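Written out below as structure tokens is the structure these notes cover.
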Amino acid sequence: MKLFSWLLHLNRLWCNDRLQRHSWENGYFCQLCLRNLESSYHLFWECPLSLQVWTQASTWKGCGALNTRNWEAAGCTTTRVQDLIRRAAPGQERKAIKSIIILITWEIQQERNGCTFRGKMACAADILGRIRLFSAVNCWLKCMLLDPYNQTDHPECKSRPDSGLSAITELDPGYITGPLSSIWKEWVKWCVDFGIEANAIIAVPYDWRLPPSMLEERDLYFHKLKLTFEIALKLRGGPSLVFAHSMGNNVFRYFLEWLKLEIAPKHYIQWLDKHIHAYFAVGAPLLGSTESVRATLSGTTSGLPITEGTARLMFNSFAASLWLLPFSKYCKADNVYWKHFFEGKAHINRQQCDEMEYSSDNSGWPTTLVSIEVPTVRGTDAYPSIMDITEDITSNMECGKPTLLSFSAREVSDGTLFKTMLDYDPQSKALIHQLEKYYQGDPVLNPLTPWERPPIKNVFCIYGIDTKTEVGYYFAPSGKPYPDNWIITDVIYEFERSLLSRQVSYNSLSWCKQWLGPKVNITRTPQAEHDGSDLQTRMNAEHHHGEDLFPNMTRAPHVKYITYYEDAESIPGWRTAVWELDKGFGYSTSPGTYYHVLL
246 MKLFSWLLHL
256 NRLWCNDRLQ
266 RHSWENGYFC
276 QLCLRNLESS
286 YHLFWECPLS
296 LQVWTQASTW
306 KGCGALNTRN
316 WEAAGCTTTR
326 VQDLIRRAAP
336 GQERKAIKSI
346 IILITWEIQQ
356 ERNGCTFRGK
366 MACAADILGR
376 IRLFSAVNCW
386 LKCMLLDPYN
396 QTDHPECKSR
406 PDSGLSAITE
416 LDPGYITGPL
426 SSIWKEWVKW
436 CVDFGIEANA
446 IIAVPYDWRL
456 PPSMLEERDL
466 YFHKLKLTFE
476 IALKLRGGPS
486 LVFAHSMGNN
496 VFRYFLEWLK
506 LEIAPKHYIQ
516 WLDKHIHAYF
526 AVGAPLLGST
536 ESVRATLSGT
546 TSGLPITEGT
556 ARLMFNSFAA
566 SLWLLPFSKY
576 CKADNVYWKH
586 FFEGKAHINR
596 QQCDEMEYSS
606 DNSGWPTTLV
616 SIEVPTVRGT
626 DAYPSIMDIT
636 EDITSNMECG
646 KPTLLSFSAR
656 EVSDGTLFKT
666 MLDYDPQSKA
676 LIHQLEKYYQ
686 GDPVLNPLTP
696 WERPPIKNVF
706 CIYGIDTKTE
716 VGYYFAPSGK
726 PYPDNWIITD
736 VIYEFERSLL
746 SRQVSYNSLS
756 WCKQWLGPKV
766 NITRTPQAEH
776 DGSDLQTRMN
786 AEHHHGEDLF
796 PNMTRAPHVK
806 YITYYEDAES
816 IPGWRTAVWE
826 LDKGFGYSTS
836 PGTYYHVLL
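Going by my numbering, the first residue of the sequence shown is number 246, and it counts up by one from there.
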């Protein structure tokens with residue numbers, strides 16, 4: 246935000262007028278009002294939507310100086326800002342005005358970027374809502390943070406997920422509830438085009454901060470989800486279609502395992518056949534996400550106007566953050582429930598790895614996931630958050646003394662990474678506690694193990710490809726206190742990535758290809774309307790278990806394709822399909838008389 250403010254002061258933000266001067270591609274018009282050439286001055290001080298934001302903000306306590314009716318002519322941003330600050334009363338009000346000006350201009354810029362790069366519809370209410378939220382970041386953080394050891398709320402504030410269709414406000418770009426995001430944009434548009442009624446769509450939101458067992462313990466989430474399917478069957482007379490996006494797939498996987506303990510084994514498959522017709526796994530992190538490691542060690546803001554250190558502090562208080570850790574495809578874990586049942590004693594759910602884990606590199610991932618430079622000196626003296634010894638650590642590293650530690654996906658998910666980090670970052674103790682209590686010791690499932698195909702008749706795995714994504718990181722001490730005590734010095738990229746789940750690599754997304762049988766039908770078709778002449782098919786392609794499947798098909802330049810991999814024979818009565826989309830999203834199937842359950 247400091248860099249943004251400096252560029253704004255210098256009039257060097259990359260608006261359309263500046264892009265024009267460099268003869269670069271641009272949209273000419275202001276993306277908020279679509280009336281005038283977009284210049285920095287117009288965007289913040291002349292655009293009707295921006296003026297609406299300033300006018301509304303001037304009604305807040307202590308912000309009267311922002312009233313646009315009192316604005317004087319100004320030729321540049323610096324003059325305008327100086328005038329607004331001068332109008333505020335000296336002291337705390339003037340200091341607050343400086344902060345609110347930075348926040349308002351930042352959020353106007355973010356709205357502009359959303360319209361430019363994500364096709365968002367400009368909305369003053371969205372800007373004002375974010376400003377209200379982040380003008381009191383400490384209050385917001387108090388409501389968001391959980392106790393890292395027992396996952397309880399702050400004694401003065403608690404947050405809970407919404408329910409019903411209102412809960413997908415942030416997922417639906419205006420068709421049902423409001424234009425805040427575009428995660429489900431194409432899906433909701435598809436539903437509307439097919440005439441699906443709103444009461445046929447059931448949103449089942451969850452508290453994404455909580456680990457799976459706590460979702461049930463605190464919110465009875467999985468009991469309620471089971472009841473939701475049963476009520477939908479009675480009301481509609483048919484099974485449901487389940488659409489899960491990103492981490493929602495992890496929640497649905499856990500639900501299927503939890504259901505095994507709720508329903509007699511001989512009725513389990515019968516219940517699934519009766520209540521769930523198909524499962525659409527959209528952008529599923531089937532082997533985890535490497536970006537969760539980045540968020541754990543250095544913080545990821547996800548576009549929020551907070552520092553990476555604050556984001557790390559918040560992220561590490563959520564035990565659910567470890568739910569997305571990357572893990573080895575060669576390691577499995579015994580179910581703690583059955584160990585307890587037969588042996589009479591519960592224990593930590595240890596991983597059992599086959600020979601491939603030790604004979605291959607990187608646990609089946611493209612590279613070593615984490616490499617960390619640490620001082621040769623061990624113990625608390627090497628803890629970089631203790632300021633009075635920071636200079637000593639830095640000097641040691643400058644003299645070439647640091648040691649490079651590397652960790653594979655298995656060593657991340659089994660806790661080796663965090664246990665090693667204890668010598669250099671005592672805050673890892675909370676992460677070890679979360680990992681052992683909520684994952685390795687989970688009585689239903691250790692989620693940090695490879696997925697098997699869900700026992701549902703129709704399974705569709707959908708993801709995008711052909712964009713680089715982060716798959717490995719190099720970290721080093723920053724010399725600053727926690728939570729800013731680590732910095733990223735290098736990033737390793739993989740050039741297969743999903744646009745549907747922007748933090749998940751192709752390696753993880755495409756794991757569902759292992760659910761396909763030995764004979765697979767492959768079809769490739771353009772995403773845009775076509776006459777069928779560009780349709781390519783390959784029937785009964787051989788697929789060897791444990792290997793990826795690549796079609797030997799042509800590609801026309803500048804054409805986005807969908808490649809369908811389908812298997813309807815290896816398991817009688819069941820159908821498995823994988824849909825790979827080139828940098829986009831779209832699919833079609835008859836809506837029928839099903840309920841649509843969103844996770």
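Cβ atoms here follow ideal geometry from the backbone N, Cα and C, with glycine treated the same way. Note that this is a predicted model, so its numbers are computed, not measured.
With residue i and residue j assumed to form a contact (beta carbons below 8 Å), what rounded beta-carbon distance in angstroms separates them?
i	j	result
R463	Y718	Not really, about 33 Å apart at Cβ, beyond 8 Å.
S562	L390	5 Å
P728	G544	7 Å
D452	L465	12 Å between Cβ atoms; not a contact.
I349	W299	7 Å
L277	E356	7 Å
Spatial neighbours of residue i within its chain, please: C-beta separation below 7 Å, excluding the five flanking residues on both sides.
i	result
E656	L662
W696	R498, L531 and W756
L517	P700 and I701
K306	none
T397	L391
I209	Here the chain covers residues 246 to 844 and nothing more, so residue 209 does not appear.
R698	V704, W760 and T821
What residue from the options has the CA that sits closest to residue i's CA?
i	options	result
W760	D518, A526 and L569	A526
T648	S673, T473, Q672 and V619	V619
K646	T770, K702, A721 and A529	A721
Y756	M784, G533, G554 and S458	The question names Tyr, but residue 756 is Trp in the sequence shown. Looking at the Cα atoms, G533 is the closest of the given residues.
G528	N730, F705, M246 and P726	F705
L569	K469, F439, S753 and I508	S753
P707	A822, M601 and E401	Residue identity check: residue 707 is Ile in the sequence provided, not Pro. The residue with the shortest Cα to Cα distance from I707 is A822.
V487	F274, Y524 and L501	Y524
L378	I737, L558 and L549	L549
F795	I514, I733, A367 and N766	N766
R783	T799, K403, D735 and C275	T799
V615	L480, S537 and D668	S537
C275	H267, S268, L506 and S284	S284
A381	I551, L472 and L650	I551
H789	Q672, K758, L470 and S778	K758
Looking only at its own chain, which residues have a Cβ that is under 8 Å from the Cβ of residue i, when we skip the five neighbours before and after it?
i	result
L252	L258
S303	G309, A310, L311, N312 and T313
E814	G762 and K764
F560	A540, T541, G544, T545 and S566
S547	A556
H678	P393 and Y394
To which residues of the same chain is residue i closer than 6 Å at the C-beta, ignoring the five residues directly before and after it?
i	result
H254	T323
E825	I710 and T808
L780	T770
Q265	N271
E741	The pLDDT assigned to E741 is 47, lower than 50, so where the model puts this residue is not dependable, and the model offers no usable value.
Q301	L373
M601	Y575
G359	K365
M666	S673
The ligand MG heavy atoms versus the CB of residue i: any closer than 6 Å?
i	result
I710	This structure does not include the ligand MG; it has no bound ligands of any sort.
What does the Cβ neighbour count give for residue i, buried or exposed, with the cut at 16 atoms within 10 Å?
i	result
G609	buried
L512	Correcting the residue identity first, residue 512 is His in this sequence and not Leu. When all chains shown are included, H512 counts as exposed.
E739	buried
T422	Unreliable positioning characterises T422 in this predicted model, as indicated by a pLDDT of 38, which lies under 50. The coordinate reading is nonetheless provided below. T422 comes out buried.
Q685	buried
E787	exposed
W503	buried
K590	Confidence is the limiting factor: at K590 the pLDDT is only 45, short of 50, which leaves the residue's position unreliable, though a coordinate-based value still follows. When all chains shown are included, K590 counts as exposed.
N797	exposed
M246	exposed
N261	buried
Q354	buried
T621	exposed
T734	exposed
C436	buried
N395	exposed
Q327	exposed
Between the stretch 799-808 and the stretch 765-772, can you find at least three pairs of beta-carbon atoms closer than 8 Å? yes
Is the stretch 337-347 touching the stretch 282-291 in the sense that three or more CB pairs, one from each, lie closer than 8 Å? no
Count the CB pairs spanning the stretch 569-576 and the stretch 393-409 that are closer than 8 Å, and state whether there are at least three. no
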